[in-house]
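Numbering follows the UniProt record's numbering, with no gaps: position 168 of the sequence shown is 168.
Every residue gets a Cβ at the ideal spot worked out from N, C-alpha and C, and that includes glycine.
Read through the structure below, which is laid out as structure tokens, and then see the notes.
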Amino acid sequence: MRIKKHIAVLRWAAILLSALWYLPSQAQTTDSLSHYLETAARYNPSVNSSFALYKASLEKIPQAGAFSDPELEMGFFFKPMEQLSGKQVADFTLMQMFPWFGTRKAARNEATEMARMAYEQFRETRNNLFYEVKSQWYQLNNLNEQYKNTAANLELLKQLELLALSRYTASSVLGRPTPSVAPPVASPVPQTPANNSMGGMENMGTSPSTASATPGGNTTMSGTGGSMAGGTMGSGSSGSMSDVLRIQIEMVELENNLEALRSNRKAAEARFNSLLNRDQDLPVQTSDSLAQKLFSIEDNAVLDSIILSNPMLSMLEAEANAYKAKAEMDKKMSLPMFGIGLQYSIMAKNSEEMARMSGMSNMNGMDMVMPMIKISIPIFRRNITPSSGRAGITVRQAN
1 MRIKKHIAVL
11 RWAAILLSAL
21 WYLPSQAQTT
31 DSLSHYLETA
41 ARYNPSVNSS
51 FALYKASLEK
61 IPQAGAFSDP
71 ELEMGFFFKP
81 MEQLSGKQVA
91 DFTLMQMFPW
101 FGTRKAARNE
111 ATEMARMAYE
121 QFRETRNNLF
131 YEVKSQWYQL
141 NNLNEQYKNT
151 AANLELLKQL
161 ELLALSRYTA
171 SSVLGRPTPS
181 VAPPVASPVP
191 QTPANNSMGG
201 MENMGTSPST
211 ASATPGGNTT
221 MSGTGGSMAG
231 GTMGSGSSGS
241 MSDVLRIQIE
251 MVELENNLEA
261 LRSNRKAAEA
271 RFNSLLNRDQ
281 DLPVQTSDSL
291 AQKLFSIEDN
301 AVLDSIILSN
311 PMLSMLEAEA
321 NAYKAKAEMD
331 KKMSLPMFGI
341 GLQYSIMAKN
351 SEEMARMSGM
361 SNMNGMDMVM
371 PMIKISIPIF
381 RRNITPSSGR
391 AGITVRQAN
């Protein structure tokens, strides 16, 4: 009963997985992560291969517990053999062999555990694929956010450039002295191929004779990827050409960053599409916003969940059970086999004189039926003993 339950569970799992495999995704949007996961599971070659191996292993379970084919022997006499009850013309023998008690159960146990191993291997392959798809998808979201932030910073720099140009023009018209500008502090921009500091541009356009600050306050510009957090441009301060040049250099740097982000996104999309086994030039839709989830789970509960749900641990357990069943089956195979059969002999009638002489005239020409029992004697065990030894070693290794 326990084996039948295992077989039923595995079969229902295969049916459910097959139904989910080809279930139409009308309820899912084409830009959702769940849609991409389903597409990857449906078209990825590795997942399809492991799923096919699992279905093939299920078909081996009924074969493992099946009886051997019956044997039919037929014999004909070219010249009928004289018997007391007639002339023996032909013999037909039908024999069915049976293994020792428990052998078929052990074989079914082994096949069931092997199917379970294939199922856990399929789960491991599918989970690894899902992990790669999710990681690549979130990386694309990260690149999109970096691109948006960099583009927003570039727009701010354009506005600051206009403001710096207007102040420089106003200071030139009014004939005010050009104030000194504090050197910008450059910080690296994520996903940027080249992040050069602006320390070499400290005194660009500013001479020692004009390095005095105006009463309105100094104007400092930070090079943090387009933000001007190094200082503020006071309303009463006059601009200098160095401010404009610094802003323009920062704009060029951010434009380079945008180009690098576009290149990184194209490469990430190609890797993502390869996981889905589709054209690498197809666009990938990402989410506009991501919500952070907080998990409040105890460490012991997480450890128990990992032990119960980890496919590799379940596969190792199934492998150990399969080797144990294999060792039990090898042990049963070393015991005698027995068979039950029936022999049917076709008899022809003797002459009347021969029948009277034998005194068995009433059985003259009567066909004969003989029940038979057959028992194998396992004397030569060279093909069984090494197999049992290998099974024992593999059981210890799996444990």
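CA-to-CA distance, Met-370 to Trp-100, given in whole angstroms: On the sequence shown, residue 100 is found 100 positions in, with the first residue counted as 1. On the sequence shown, residue 370 is found 370 positions in, with the first residue counted as 1. About 24 Å.
Rounded Cβ spacing between Asn-277 and Tyr-43 (contact assumed at less than 8 Å): Locating residue 277 in the sequence shown gives position 277, counting from the first residue. Locating residue 43 in the sequence shown gives position 43, counting from the first residue. The beta-carbon distance between Asn-277 and Tyr-43, rounded to whole angstroms, is 4 Å. This is short enough to meet the 8 Å contact definition.
Close-in-space but distant-in-sequence residues of the same chain around Ser-209 (CB under 8 Å, 5 per side omitted): Numbered from its first residue, the sequence shown carries residue 209 at position 209. Residue confidence is low: Ser-209 scores 35 on pLDDT, short of 50, so the model does not pin down where it sits. Its coordinate-derived value is still stated next. Correct list: empty, nothing qualifies.
Contained beta strand (DSSP E) runs [length at least 3] in the region 312-361, N- to C-terminal order: Segments of the beta strand (DSSP E) lying fully in the region 312-361: 338-348.
Residue nearest to Ala-318 in terms of C-alpha spacing, selected from Arg-116, Leu-72, Asp-91: The residue given as residue 318 occupies position 318 in the sequence shown. Considering only alpha carbons, the answer is Arg-116.
Beta-carbon proximity of Leu-37 to Val-133, cut-off 7 Å: Indexing the sequence shown from 1 puts residue 37 at position 37. Indexing the sequence shown from 1 puts residue 133 at position 133. A contact, by the Cβ cut-off of 7 Å.
Cβ-based neighbour list, Leu-140, same chain, cut-off 8 Å, excluding 5 preceding and 5 following: Within the sequence shown, residue 140 is the residue found at index 140, counting from 1. For Leu-140, where only same-chain residues beyond five positions count, the Cβ hits under 8 Å are Arg-265, Ala-268, Glu-269, Phe-272, Val-284, Thr-286.
Own chain residues within Cβ distance below 7 Å of Ala-322, not counting five before or after: For this step, residue 322 is matched to residue 322 along the sequence shown. Excluding positions up to five away in sequence, the list reads Glu-110, Glu-113, Met-114, Met-117.
Among Gln-121, Arg-262, Lys-324, Phe-92, the one whose alpha carbon lies nearest that of Leu-313: Mapped onto the sequence shown, residue 313 falls at position 313. Per the C-alpha coordinates, the member of Gln-121, Arg-262, Lys-324, Phe-92 positioned closest to Leu-313 is Gln-121.
Completely contained alpha helix (DSSP H) runs for the region 237-324, where each covers 4 or more residues: Qualifying alpha helix (DSSP H) stretches, in chain order: 241-275, 299-309.
Residues bridged to Val-369 (per DSSP): As a position in the sequence shown, residue 369 is number 369, starting the count at 1. In the DSSP assignment, Val-369 forms a beta bridge with Tyr-344.
Residue range of the unbroken alpha helix (DSSP H) whose run includes Phe-67: Residue mapping note: residue 67 aligns to position 67 of the sequence shown, counting from 1. In the DSSP assignment, Phe-67 falls outside any alpha helix (DSSP H), carrying neither H nor E.
Inter-residue Cα distance where the pair is Lys-293 and Leu-58: The residue labelled residue 293 in the question sits at position 293 within the sequence shown. The residue labelled residue 58 in the question sits at position 58 within the sequence shown. Cα to Cα, the separation comes out at about 39 Å.
Cut-off 7 Å between Cβ atoms - residues of its own chain near Ala-64, not counting five sequence neighbours on either side: Within the sequence shown, numbered from 1, the residue matching residue 64 stands at position 64. These residues qualify, in order along the chain: Ala-107, Arg-108, Glu-110, Ala-111.
Pro-378 (DSSP reduced to helix, strand or coil): Taking the first residue of the sequence shown as 1, we reach residue 378 at position 378. Correct three-state label for Pro-378: coil.
Boundaries of the beta strand (DSSP E) in which Leu-94 is found, first to last residue: In the sequence shown, counting from the first residue as 1, residue 94 sits at position 94. For Leu-94, the enclosing beta strand (DSSP E) covers residues 86-98.
C-alpha gap between Tyr-344 and Leu-335, whole angstroms: Counting from one through the sequence shown, the residue named residue 344 turns up at place 344. Counting from one through the sequence shown, the residue named residue 335 turns up at place 335. When rounded, the distance between both Cα atoms is 30 Å.
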